[in-house]
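Each residue of the sequence shown is one higher than the last, beginning at 0 in numbering that gives the first Met the number 0. All residues carry an ideal CB built from backbone N, CA and C; glycine is no exception. Below is one structure; the comments refer to it alone.
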Amino acid sequence: MTEREKMLRGELYDSSDNELEQLRLHARKLARRYNLTDEDQQEVQTQILRELLPATEELPYLQAPVYFDYGCHTYFGKYSSANFNFTCLDVGEIHIGDNVMIGPNVTLATPMHPLLPEERNVRKREDGSLYTLEYAKPITIKDNCWLASNVVVCGGVTIGEGCVIGAGSVVTRDIPPYSLAAGNPCRVIRKITEKDHM
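In structure tokens form, the structure reads like this:
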């Protein structure tokens, strides 16, 4: 089994693996190119995003700058968007549904590190090179959600359909559908209902 296969299965893997390093380098080069484009260069932006997010059919609107570990492990639904400084650490798969609005400075972080120092610490190979072991947990954001500014979503979390996550929240647990939730750690404040019509 390759290190990438272990990574995507949520098993401990060597993050210094050559295939993974090349994939990360490619994604970061693409993100850097995207971040240097002007907003009126939509054709160029589309070409870059097609390469960065190859599994996404209908590309999201992403306000530069954006940051991805891999890009190819992130899947967007239709009509989704992200504001400035969207950071997507897609070591594990990230699934973002249709009509998802992501505010500025939002981070989706799938990487996890062992709790015990002897498992987490840097290791040395016989050839003298260094490596660490880590693992990942996927993130799922269902359709019609809004993540306000400065939200952090941790690995292993599913945010149910129609949720609103308040600014500055750190989401460490699943959020049930149609919830207004906020805080650190993020907690459900109440259900979103028909009474919320403007």
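Which of helix, strand or coil DSSP assigns to residue i
i           : result
residue 195 : helix
residue 134 : strand
residue 30  : helix
residue 150 : coil
residue 124 : coil
residue 8   : coil
residue 35  : coil
residue 3   : helix
residue 186 : strand
Of the listed residues the options, nearest to residue i (C-alpha basis)
i           : options           : result
residue 29  : 153, 66, 189, 5   : 66
residue 179 : 16, 153, 147, 81  : 147
residue 75  : 51, 84, 83, 64    : 51
residue 73  : 62, 63, 13, 54    : 54
residue 64  : 171, 81, 194      : 81
residue 56  : 79, 37, 116, 184  : 79
residue 108 : 68, 11, 22        : 68
residue 186 : 138, 193, 166, 96 : 166
residue 190 : 182, 183, 176, 71 : 176
Exposure label - residue i; buried when at least 16 CB within 10 Å
i           : result
residue 168 : buried
residue 196 : exposed
residue 135 : buried
residue 151 : buried
residue 188 : exposed
residue 6   : buried
residue 92  : buried
residue 143 : buried
residue 40  : exposed
residue 89  : buried
residue 33  : buried
residue 127 : exposed
Residues sharing a beta bridge with residue i, DSSP
i           : result
residue 139 : 94, 157
residue 13  : 132
residue 178 : 190
In chain order, which continuous runs of the beta strand (DSSP E) of length 3 or greater are located wholly inside the stretch 53-85?
Correct list: 65-67, 73-75.
At 4 residues or longer, what runs of the alpha helix (DSSP H) sit wholly inside the stretch 85-120?
As far as the stretch 85-120 is concerned, its whole alpha helix (DSSP H) runs of at least 4 residues are 116-119.
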